[in-house]
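Enquirer:
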Amino acid sequence: KVKGGENAGMRRPPSFETGHTIPSPQTAKEERELKEQYEMIVREYLLSGSISEAATALGELLEKQSTCGLDLGWVFVRRCVRVALDHPASDRERSAQLLSALYPSILSSAGILRGLSSLVREVEDLRLDLPDAVTELAHFLARAAVDDLLSPRDLQDLVQDLKHAPPLAREVVETALVLLGPRHASERVLRHWGGSEAGTVAHCKAQVHTLLLEYNAGGDLSEARRCLHSLHVPHFHHELVKQALCLAVEDASAREHVLTLLKALTESMEISSSQMAKGFSRMKEAVADLSLDVPSAQENFAQIEVRAKSEQILCA
């Protein structure tokens, strides 16, 4: 799969004043058709609720575009949020869930930030039709941070990128940062559109966390497998890998249990090699922040990564 919008490994997007314009060689007709295809994927998802169908359709479309040298996942992010803004809160919640599910296998952090920031830059025009555009765009940014698609630093950098933009654009990002500030902010952001119910990203993360704690306490591999299967989220298995690695990095006594679990799930192909790699990649990105609380985090993770490769849990 391609990662829409990633730019040489940099998470911060370039300054982008006309976010709706797709670079050449797209003609006006091709640009319109592309937006219609993206919008169709979003609308069909809102009707069916099938994340897997949306992921397949978007992945195939982006793969075709990548053969033409185009990297347009950010345009999908833009269309997804723009459509959601015209829909009720329940559909905004489901759109946020879709973006979370598509990261990082299909959409990249940089692509998500670029797509959202292109809408932020147009908030003055959006507010003519959507009076709550500032608040709702701020919640989409805050939700992306809560779901680990963006970091608070990404939003702080975006404020600086917008220093020459209209004040209302900066207000959107500053509002998002305020939403992320207080204690229990994550829970409030997740509840804004009526989320935090079964099937949401937050619910899946909580279930994975419970699964790992119970497995680490009792070592019951079959029960861990049963719990994983009951979630029905193969596109989200990278979250289990990341959380398991985080547990192993923080607690040396959990390391053997974690490696045993990951090895078993790899050998049985219950977790695919791509989901395993994504989980390790996400942990690698997060380990620097974890080092603030666990000084040996980078060293611990490096040791785990070497062991994982030697035991063929992770492809070398």
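The sequence shown runs -5 to 310 under this note's numbering.
Ideal placement from N, C-alpha and C gives every residue a C-beta, glycine not left out.
Since this is a predicted model, take the numbers as computed values, not measurements.
To the nearest whole angstrom, what separates the beta carbons of residue 270 and residue 308, a pair I think is in contact under 8 Å?
Expert: With a Cβ gap of about 6 Å, residue 270 and residue 308 count as contacting.
Enquirer: Only counting the same chain, and skipping five residues up and downstream in sequence, which positions put a Cβ closer than 6 Å to that of residue 315?
Expert: A question about residue 315 goes unanswered here, because the residues of the chain that appear run from -5 up to 310.
Enquirer: Tell me which residue opens and which closes the alpha helix (DSSP H) that residue 187 is part of.
Expert: First-last for residue 187: undefined, no H or E at that position.
Enquirer: Using the three-state DSSP reduction, which class does residue 286 fall into: helix, strand or coil?
Expert: Note: residue 286 maps to coil in three-state DSSP.
Enquirer: Within 10 angstroms of the Cβ of residue 158, are there 16 or more other Cβ atoms? Answer buried if so, exposed if not.
Expert: It is exposed - the Cβ of residue 158 has fewer than 16 other Cβ atoms within 10 Å.
Enquirer: Could you tell me the boundaries of the alpha helix (DSSP H) in which residue 39 lies?
Expert: From DSSP, the alpha helix (DSSP H) with residue 39 extends over 22 to 42.
Enquirer: Hey, residue 240 and residue 284 are a contact pair by Cβ (cut 8 Å); roughly how many whole angstroms apart?
Expert: Yes, they are in contact, since the Cβ atoms of residue 240 and residue 284 sit about 7 Å apart, within 8 Å.
Enquirer: Do you know whose CA, among 88, 32, 124 and 177, lies nearest residue 42's CA?
Expert: The shortest C-alpha separation from residue 42 is found at 88.
Enquirer: Of the choices 81, 29, 100 and 83, whose alpha-carbon is the least far from that of residue 49?
Expert: Closest by alpha carbon: 100.
Enquirer: Along the chain, where does the alpha helix (DSSP H) that runs through residue 62 open and close?
Expert: Here residue 62 belongs to no alpha helix (DSSP H), and DSSP marks it neither H nor E.
Enquirer: Spell out whether any CB of chain B is found under 9 Å from the CB atom of residue 204.
Expert: Protein chain content of the structure displayed is limited to a single chain, and chain B is not contained in it.
Enquirer: Can you tell me which of the three DSSP states residue 154 falls into?
Expert: Helix.
Enquirer: For the candidate residues 238, 40 and 131, whose alpha-carbon lies nearest to that of residue 202?
Expert: Nearest of 238, 40 and 131 to residue 202, Cα basis: 238.
Enquirer: Looking only at its chain, what residues have a beta carbon closer than 6 Å to the beta carbon of residue 236, apart from the 5 residues adjacent to it on each side?
Expert: Here the set comprises 273, 276 and 277.
Enquirer: What residue does the alpha helix (DSSP H) around residue 161 start on, and which one ends it?
Expert: Counting along the chain, the alpha helix (DSSP H) containing residue 161 begins and ends at 161 to 173.
Enquirer: When the Cα atoms are used, what is the spatial distance from residue 68 to residue 81?
Expert: Answer to the nearest angstrom: the Cα atoms are 20 Å apart.
Enquirer: Does DSSP put residue 305 in a helix, a strand or coil?
Expert: Coil.
Enquirer: In chain order, what residues of the same chain have a beta carbon less than 6 Å from the beta carbon of residue 190, not counting five sequence neighbours either side?
Expert: At residue 190, the pLDDT of 49 sits below 50, so the modelled position is not reliable and the matter cannot be decided from this model.
Enquirer: Going by alpha carbons, who is nearest to residue 244 out of 145, 306 and 292?
Expert: For residue 244, the nearest C-alpha among the options comes from 292.
Enquirer: Rounded to whole angstroms, what's the CA-CA distance from residue 71 to residue 31? Just pull it up for me.
Expert: Their backbone Cα atoms lie some 13 Å apart in a straight line.
Enquirer: Per DSSP, what kind of secondary structure is residue 264 in: helix, strand or coil?
Expert: The answer is coil: DSSP assigns residue 264 none of H, G, I, E or B.
Enquirer: Going by C-alpha to C-alpha distance, which of 218, 282 and 232 sits closest to residue 255?
Expert: Minimum Cα distance to residue 255 is reached at 218.
Enquirer: Ignore the nearest five residues each way along the sequence and tell me which others in residue 187's own chain have a CB closer than 8 Å to its CB.
Expert: Contacts found: 83, 84, 86, 87, 90 and 133.
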